[in-house]
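First up is the structure itself, then whatever we jot down about it.
Following this line, the structure appears as structure tokens:
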């Protein structure tokens with residue numbers, strides 16, 4: 011069974027600084043997808059960034075970028091120029107293809123990020 | 032507006048009662064998911080479905096049941112067999128396409144009284 015592990019329950023960053031959130035996963039599949047979601051206090055889940063396993067290039071979305079290490083099964087999120095609005099719970103997620111277990115989507119335990127002004 | 036609607040937002044249940052949480056989407060998504068969120072445990076998968084009239088158990092399906100009679104709807108019933116049902120429940124949906132993310136509803140907070 012696939013698992014996703016986030017080993018940092020809490021992280022803190024100074025406004026305008028850079029922070030990296032860690033995520034590791036376990037799978038025997040070669041084709042899958044990885045995501046980072048943000049959950050602010052409203053509890054609405056918001057997609058931050060996605061990565062297809064078959065793509066070697068790391069995904070970027072403005073201030074957000076990932077370091078995808080397929081062999082190491084690692085998928086970290088880097089937030090540059092941190093803003094107060096980045097404070098939230100961040101979840102790493104893994105999804106199979108729909109041809110394998112119907113696109114089962116599983117999440118890590120989350121990392122609570124606080125941003126200090 | 033397209034989206035996922037969960038209702039009610041807050042739900043109170045007496046011990047021994049079954050309750051049903053509603054999840055409706057008008058995004059024409061094939062796949063739908065139910066998650067339970069507890070403090071410090073992230074989102075745990077209860078059930079998921081990729082087509083009408085078919086669904087699979089997730090990691091914590093015991094004490095829960097679902098149906099998928101329509102593409103738009105995926106209700107979750109929390110039965111009396113669920114020993115600790117107090118939690119925040121999230122419904123999500125996605126299309127069956129490579130790399131497509133899941134979209135989430137606003138959640139239902141269930142409390143046993």
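Protein chains in written order, with this note's numbering: chain A, 11 to 127; chain B, 32 to 144.
Every residue, glycine too, gets a C-beta built ideally from N, C-alpha and C.
Please read these numbers as outputs of a predicted model, since none were measured by experiment.
{"query": "For the beta strand (DSSP E) containing residue 13 (chain A), name the first residue and the last one.", "result": "13-15"}
{"query": "Can you find a C-beta in chain A that's less than 8 Å from the C-beta of residue 81 (chain B)?", "result": "yes"}
{"query": "Any contact between the segment 47-64 of chain B and the segment 91-98 of chain A? By contact I mean 3 or more CB pairs, one from each, below 8 Å.", "result": "no"}
{"query": "How should residue 43 (chain B) be labelled, buried or exposed, when 16 other C-beta atoms within 10 angstroms of its C-beta is the threshold for buried?", "result": "exposed"}
{"query": "With the cut-off set at 8 Å, would you say residue 32 (chain A) and residue 75 (chain A) are in Cβ contact?", "result": "no"}
{"query": "Going by DSSP in three states, residue 61 (chain B) sits in which element: helix, strand or coil?", "result": "coil"}
{"query": "Run down chain A in chain order and give the residues with a C-beta less than 9 Å from the C-beta of residue 76 (chain B).", "result": "114, 115, 116 and 117"}
{"query": "Would you call the segment 34-42 of chain B and the segment 76-95 of chain B in contact, with 3 or more CB pairs under 8 Å?", "result": "no"}
{"query": "Answer with yes or no whether the minimum CB distance from residue 64 (chain B) to chain A is below 8 Å.", "result": "yes"}
{"query": "To the nearest angstrom, how far is the alpha carbon of residue 67 (chain A) from that of residue 77 (chain A)?", "result": "9 Å"}
{"query": "Tell me the DSSP secondary structure of residue 90 (chain B) in three-state form.", "result": "coil"}
{"query": "Going along the chain, which residues of the segment 38-65 of chain A sit with their C-beta nearer than 7 Å to a C-beta in chain B?", "result": "43, 45, 53, 54, 55, 57, 60 and 62"}
{"query": "What whole-angstrom Cβ distance do residue 48 (chain A) and residue 104 (chain A) have, given they're in contact under 8 Å?", "result": "About 17 Å separates the two Cβ atoms, so there is no contact after all."}
{"query": "Does any CB atom of chain A fall closer than 8 Å to the CB of residue 135 (chain B)?", "result": "yes"}
{"query": "Quick one: Cα of residue 45 (chain A) to Cα of residue 124 (chain A), how far?", "result": "20 Å"}
{"query": "Please state the DSSP three-state secondary structure of residue 96 (chain A).", "result": "helix"}
{"query": "Exposed or buried, which one is residue 128 (chain A) when buried takes at least 16 other CB atoms within 10 Å?", "result": "Only positions 11 to 127 of chain A appear in the structure, and residue 128 (chain A) is not among them; the question remains open."}
{"query": "Note down, in chain order, each residue of its chain lying with its Cβ closer than 6 Å to the Cβ of residue 97 (chain B), except the 5 sequence neighbours on either side.", "result": "78, 86 and 107"}
{"query": "Can you name, in chain order, every residue of its own chain whose Cβ lies under 7 Å from the Cβ of residue 39 (chain B), other than the five neighbours on each side?", "result": "139"}
{"query": "Check the Cβ of residue 119 (chain B) against every Cβ in chain A and list those closer than 9 Å, keeping chain order.", "result": "53"}
{"query": "Cβ closer than 8 Å: which chain A residues qualify as neighbours of residue 37 (chain B)?", "result": "Chain A residues near residue 37 (chain B): none, gap ~11 Å exceeds 8 Å."}
{"query": "Could you tell me which whole beta strand (DSSP E) segments of length 3 or greater appear in the segment 12-55 of chain A?", "result": "13-15, 20-24, 29-31, 34-36 and 42-49"}
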